[in-house]
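This report refers to the structure that appears directly beneath it.
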Amino acid sequence: MVDFDDEVDVLVAGSGGGLAGAYTAAREGLSVAVVEATDKFGGTTAYSGGGGVWFPCNPVLERAGTDDTLDDALTYFRAVVGDRTLRELQETYVRGGRDLIEYLESDEHFEFQMFPWPDYFGAAPKARLDGQRHIVPVPLPAAELGELREHLRGPLDTDRLGAPPPDVLIGGQALIGRFLRALSGYPQVRLHRNAALVELIVEDGAVVGARVERPSGTTAIRVWRGVVLAAGGFEGNEDMRRHYGVPGDTRDTMGPPGNQGRAHQAGIAAGADTDLMDQAWWSPGLTHPDGRSAFALWFTGGIFVAQDGNRFVNESTPYDRLGRAAIERLRDGTLTLPFWMIYDDRDGAIPPIQATNVSMVESEKYEAAGLWHTADTLEELAAALGVPAANLVATVERFNAMVAAGADTDFGRGDEAYDRAFSQGELPLVPIERPPFHAAAFGLSDLGTKGGLRTDTAARVLGRDGAPIPGLYAAGNTMAAVSGTAYPGGGNPIGASMLFSHLAVRDMLAR
Numbered sequence: 000m001v002d003f004d005d006e007v008d009v010l011v012a013g014s015g016g017g018l019a020g021a022y023t024a025a026r027e028g029l030s031v032a033v034v035e036a037t038d039k040f041g042g043t044t045a046y047s048g049g050g051g052v053w054f055p056c057n058p059v060l061e062r063a064g065t066d067d068t069l070d071d072a073l074t075y076f077r078a079v080v081g082d083r084t085l086r087e088l089q090e091t092y093v094r095g096g097r098d099l100i101e102y103l104e105s106d107e108h109f110e111f112q113m114f115p116w117p118d119y120f121g122a123a124p125k126a127r128l129d130g131q132r133h134i135v136p137v138p139l140p141a142a143e144l145g146e147l148r149e150h151l152r153g154p155l156d157t158d159r160l161g162a163p164p165p166d167v168l169i170g171g172q173a174l175i176g177r178f179l180r181a182l183s184g185y186p187q188v189r190l191h192r193n194a195a196l197v198e199l200i201v202e203d204g205a206v207v208g209a210r211v212e213r214p215s216g217t218t219a220i221r222v223w224r225g226v227v228l229a230a231g232g233f234e235g236n237e238d239m240r241r242h243y244g245v246p247g248d249t250r251d252t253m254g255p256p257g258n259q260g261r262a263h264q265a266g267i268a269a270g271a272d273t274d275l276m277d278q279a280w281w282s283p284g285l286t287h288p289d290g291r292s293a294f295a296l297w298f299t300g301g302i303f304v305a306q307d308g309n310r311f312v313n314e315s316t317p318y319d320r321l322g323r324a325a326i327e328r329l330r331d332g333t334l335t336l337p338f339w340m341i342y343d344d345r346d347g348a349i350p351p352i353q354a355t356n357v358s359m360v361e362s363e364k365y366e367a368a369g370l371w372h373t374a375d376t377l378e379e380l381a382a383a384l385g386v387p388a389a390n391l392v393a394t395v396e397r398f399n400a401m402v403a404a405g406a407d408t409d410f411g412r413g414d415e416a417y418d419r420a421f422s423q424g425e426l427p428l429v430p431i432e433r434p435p436f437h438a439a440a441f442g443l444s445d446l447g448t449k450g451g452l453r454t455d456t457a458a459r460v461l462g463r464d465g466a467p468i469p470g471l472y473a474a475g476n477t478m479a480a481v482s483g484t485a486y487p488g489g490g491n492p493i494g495a496s497m498l499f500s501h502l503a504v505r506d507m508l509a510r
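In this text, residue positions in the sequence shown follow numbering that gives the first Met the number 0: the first is 0, and each later residue adds one.
Printed below as a string of structure tokens:
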């Protein structure tokens, strides 16, 4: 028998989108403990610049007059995800977000607004090209968090560059801030930092508790209703990445340092089945002088070329699709890192990137690190990059000809709504013709791994025999992603984390 040090109804591991489960438990009268492995609350969600959720037909969108339907949204989601995940799981996600937002909005702590963001597969059936499946939290004054403000993670510029934290929280910080503010009003809630779940305690096949590692030692907590594993992915664990074949490097992930896969390992040790363990949410990454390639999007010019000087991708495609295109070429050897953004001097030497997630530092530092190059001719630029000059010149000439003709016949840049999202609906094709010419180094980044513990529609973790493990639930990037190998739309990762942690507690209450 285990000698327990503490007890609680619900234990939630992780403090990102899984806080929706903690909030649900507290609101419904259960005692809750949230254990966060690091010294800051928020997880990967707190790093999200948008903090949005992909929840079709939710009350925010309905008030805005959307004509979308859940059947249309499900048709789109299934067309994109295919049979890679269970159809029932997909339907649970697509249909469940509306009720969750209605539940949250009945509490004055939560407020959302529409933020149009096109679906990521614009050619798929029933894709929403006007972005009316996406909402974000309303900004929140940081002062409203009180003492909790100093324990909120990020944003990225604060954690990586030492920038002062903002006075107004936006995006993922606003979402986490709202959950923390709401949770602080419940006396039966305990929020623990520097507390990592490292082991699940199983009796007669059921999870009845967990061991939590703290600086002062390990504590055994008895759990009466259930454990929700929502502790993020394992993108920061180089050994796990290598073992499961996840492309990329730990230095280039956008996940916080606590995402080491300990919750995954605890679940697996308790008999959990896994899926999608070689997958992540991918993106191109601008390489910074510290050697880390960080998620970047919103390109207002430039093209990407490989080491042979040839273009290889639609540069305006959604970031996960662009990252996957790069991975395919890395695997067959037709691409090596870094690859290069080539652009002209129409806007100066700074790369034409409007959202770098981690802000650019002084140009001189990129130049000194060999990451940015400038030359009077394309031939000279090619020499600086070590790529065949004839290929680079021919690539730029071909691209300029397609710009003049008004169509990218090579890679379809501008064919889908997302491609045009950052160019006011116009073709995102800008010629490269004004010297001097420039190049900026890019690598492969990710927003976290998406492989994890297999679950059913109630977020119950499934054992290797296919049956639910009593008392164990998963959500977020600790759960095998409902979207499979696809990224259907902005806000899918956070939305799934919130919804399935909420459904986990709903299942506990029903039992």
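All residues carry an ideal CB built from backbone N, CA and C; glycine is no exception.
Quantities reported herein were computed from a predicted structural model and do not represent experimental measurements.
query                                                                                                                                                                : result
If you run the structure through DSSP and keep just helix, strand and coil, what is R127?                                                                            : coil
Would you call the region 115 to 128 and the region 158 to 165 touching, i.e. three or more CB-CB distances under 8 Å?                                               : no
Looking at the strands, I want to know which residues DSSP matches up with P467.                                                                                     : L461
In terms of residue numbering, what span does the beta strand (DSSP E) encompassing V31 cover?                                                                       : V31 to V34
Comparing alpha-carbon positions, which option in A389, M276, G489 and A78 lies nearest A122?                                                                        : A78
Would you call T333 buried or exposed, if buried means 16 or more other Cβ atoms sit within 10 Å of its Cβ?                                                          : exposed
Could you check where the beta strand (DSSP E) with V429 kicks off and where it finishes?                                                                            : Per DSSP, V429 belongs to no beta strand (DSSP E) and is neither H nor E.
Tell me, please, which residues DSSP counts as bridged to S282.                                                                                                      : S444
State the Cα-Cα distance for the pair G322 and A293, rounded to the nearest angstrom.                                                                                : 12 Å
Can you tell me which of the three DSSP states F499 falls into?                                                                                                      : helix
My assumption, with CB atoms under 8 Å, is that P246 sits in contact with I326. Please give the rounded CB distance.                                                 : 5 Å
Could you tell me how far apart the beta carbons of L196 and A209 are, in whole angstroms, since I believe they sit closer than 8 Å?                                 : 5 Å
According to DSSP, is P317 part of a helix, a strand, or is it coil?                                                                                                 : coil
At 4 residues or longer, what runs of the alpha helix (DSSP H) sit wholly inside the region 134 to 184?                                                              : 155 to 160 and 170 to 182
So the candidates are A473, G257 and G235; which of them puts its Cα closest to the Cα of R250?                                                                      : G235
Suppose contacts are defined by Cβ-Cβ distances below 9 Å. Is G450 in contact with M276 by that definition?                                                          : yes
Check whether the region 454 to 462 touches the region 259 to 272, taking contact to mean three or more Cβ pairs, one atom from each stretch, closer than 8 Å.       : yes
Are G170 and G42 closer than 9 Å when you measure CB to CB?                                                                                                          : no
So, for L168: in the same chain, excluding its five sequence neighbours on each side, which residues have a beta-carbon less than 7 Å away from its beta-carbon?     : P138, L139, A141 and G176
On the three-state DSSP scale, how would you describe D506?                                                                                                          : helix
Determine whether the beta carbon atoms of G369 and A440 lie at a separation below 9 Å.                                                                              : yes
Determine whether the beta carbon atoms of V556 and V227 lie at a separation below 9 Å.                                                                              : Nothing about residue 556 can be reported from this structure: the residues present for the chain run from 0 to 510 only.
Please name the residue in D343, V402, F436 and V429 whose C-alpha comes closest to that of A383.                                                                    : F436
Hey, could you find the ends of the beta strand (DSSP E) V227 is sitting in?                                                                                         : G216 to L228
Starting from the N-terminal side, write out each stretch of the alpha helix (DSSP H) that is 4 residues or longer and does not extend beyond the region 236 to 270. : 237 to 243 and 261 to 268
Tell me the DSSP bridge mates of R189?                                                                                                                               : A32
Who are the Cβ neighbours of P58 in its own chain at under 8 Å, not counting the five residues just before and after it?                                             : R97, I100, E101 and E104
In whole angstroms, what separates the C-alpha of G16 from that of M401?                                                                                             : 43 Å
Name the two residues that bound the continuous alpha helix (DSSP H) containing F40.                                                                                 : Neither: F40 is in no alpha helix (DSSP H) and is coded neither H nor E.
Roughly how far, in whole angstroms, is the beta-carbon of V1 from the beta-carbon of S14, given that I think they are within contact range, below 8 Å?              : Contact flag wrong, Cβ pair sits at about 25 Å.
Using three-state DSSP, classify G451 as helix, strand or coil.                                                                                                      : strand
Considering just the uninterrupted stretch of the beta strand (DSSP E) at E6, what are its terminal residues?                                                        : D5 to A12
Secondary structure at V207, three-state DSSP: helix, strand or coil?                                                                                                : strand
Report yes or no: do the region 478 to 498 and the region 74 to 94 share at least 3 C-beta pairs separated by less than 8 Å?                                         : yes
Compare the Cα-Cα distances from G184 to each of R433, V211, E143 and D166 and report the closest residue.                                                           : E143
Take H191 as the anchor and find which of P434, G49 and A21 has the nearest alpha-carbon.                                                                            : A21
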